[in-house]
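Note that the UniProt record's numbering has the sequence shown beginning at 1, numbered continuously upward. Just so it is clear, CB atoms sit at the ideal spot from N, CA and C, and this is done for glycine as well. A quick write-up on the structure given underneath.
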Amino acid sequence: MSGTLIPYPTQQQQQHQHQQCQLYCGGCGTLLVYPYGSNHVRCALCSFVTNAPAHLNCGSCGLLLMYPAGAHAVKCSSCQFITCLAPQTQTVIVENPMTLDDSGQLVSSVAVGITTKHA
Ligand SMILES: [Zn+2]
Ligand SMILES: [Zn+2]
């Protein structure tokens, strides 16, 4: 038997960088390392599943930005551009015609509604 080890080819390094990100476990606070792109990180110690911050590229300068899950807009730390995260709904404020109240003063009635934006 030959125990010759065949060296693993290292010339074909993958183009994709295996970026690693870090976050603190939401359960026990342990610093966890997870691969870039993961949405959830499960703690090896307490099995708590922590939502990983999401990433996007700034709509203006292209800088990679990190934002907490559930955010609606991200402000670029470099160019201050605010990138909106494709909101499903849009808050609209509808101002109705002013009305008179019992004492004869004008009262503006403002209604706030949520609408689904159709392109
Ligand atoms: Zn944990
Ligand atoms: Zn930017």
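- When secondary structure is reduced to three states using DSSP, L56 falls in the strand class.
- Contact holds between the stretch 54-61 and the stretch 75-84, because three or more Cβ pairs, one in each stretch, are under 8 Å apart.
- H40 sits in a strand when the DSSP states are folded into three classes.
- The beta carbons of L23 and V49 sit no closer together than 8 Å.
- DSSP places P35 in the strand class (E or B) of the three-state scheme.
- Rounded to whole angstroms, the gap between the alpha carbons of V74 and S103 is 46 Å.
- In the three-state reduction of the DSSP assignment, L100 falls in the strand class, which pools E and B.
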